[in-house]
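Q: Just so you know, the sequence shown maps onto residues 48 to 140 in my numbering.
For every residue, glycine included, the Cβ atom is placed at its ideal position computed from N, Cα and C.
Input: one structure, supplied below.
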Amino acid sequence: SVVSIAARSTHELTPVHVKSLSLHVVFMLLPILRDEGRERHGEILGELTNLVEGGKVRPLVHEEVFDFQEVGRAHEALESGKATGKVALRANW
Numbered sequence: 048s049v050v051s052i053a054a055r056s057t058h059e060l061t062p063v064h065v066k067s068l069s070l071h072v073v074f075m076l077l078p079i080l081r082d083e084g085r086e087r088h089g090e091i092l093g094e095l096t097n098l099v100e101g102g103k104v105r106p107l108v109h110e111e112v113f114d115f116q117e118v119g120r121a122h123e124a125l126e127s128g129k130a131t132g133k134v135a136l137r138a139n140w
């Protein structure tokens, strides 16, 4: 299974189809604001916690960590498509 926290972005789904994976997307803010399904969303977060703690879910993080002063370079890496996964900024001020 694939979990996305960036559901408003675009994804190339060919690898998902080729491997017969499932893609699960939940935008949790709206139900929480409307007080709808909080119990179920709590269960989802609990399941995700277990997967993360069990090492079954790993975040995809770009290999280069940028210093906070390099935020421009970090943004450029994202915009150019050179970054794979999340881009991390090191708070070193």
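1. What number of angstroms, rounded off, separates the C-alpha of residue 135 from the C-alpha of residue 103?
2. Alpha carbon to alpha carbon, how far is residue 65 from residue 113? Give it in angstroms, no decimals.
3. Ends of the alpha helix (DSSP H) at residue 104?
4. Do you know whose CA, among 83, 124, 86, 70, lies nearest residue 188's CA?
5. When we look at the beta-carbon of residue 138 and count the other beta-carbons within 10 Å, is it buried (16 or more) or exposed?
6. Which of helix, strand or coil does DSSP assign to residue 87?
7. DSSP state of residue 136, grouped into three classes?
8. For residue 58, report the span of its alpha helix (DSSP H) as first-last.
9. For residue 118, tell me which candidate among 97, 93, 140 has the shortest Cα-Cα distance.
A: On the basis of the data shown:
1. The residue given as residue 135 occupies position 88 in the sequence shown. The residue given as residue 103 occupies position 56 in the sequence shown. Their Cα atoms are separated by approximately 21 Å.
2. Position 66 of the sequence shown, counted from the first residue, corresponds to residue 113. Position 18 of the sequence shown, counted from the first residue, corresponds to residue 65. Rounded to the nearest angstrom, the two C-alpha atoms are 34 Å apart.
3. One-based indexing of the sequence shown puts residue 104 at position 57. Premise fails: residue 104 is in no alpha helix (DSSP H) and is neither H nor E.
4. The question about residue 188 has no answer here: the residues shown for the chain are numbered 48 through 140.
5. Taking the first residue of the sequence shown as position 1, residue 138 is located at position 91. Residue 138 is exposed by the Cβ-count criterion.
6. For this step, residue 87 is matched to residue 40 along the sequence shown. Here residue 87 sits in helix by DSSP.
7. In the sequence shown, counting from the first residue as 1, residue 136 sits at position 89. Strand.
8. As a working mapping, residue 58 is identified with position 11 in the sequence shown. Here residue 58 belongs to no alpha helix (DSSP H), and DSSP marks it neither H nor E.
9. Here the question's residue 118 lines up with position 71 in the sequence shown. Cα-wise, what sits closest to residue 118 is 140.
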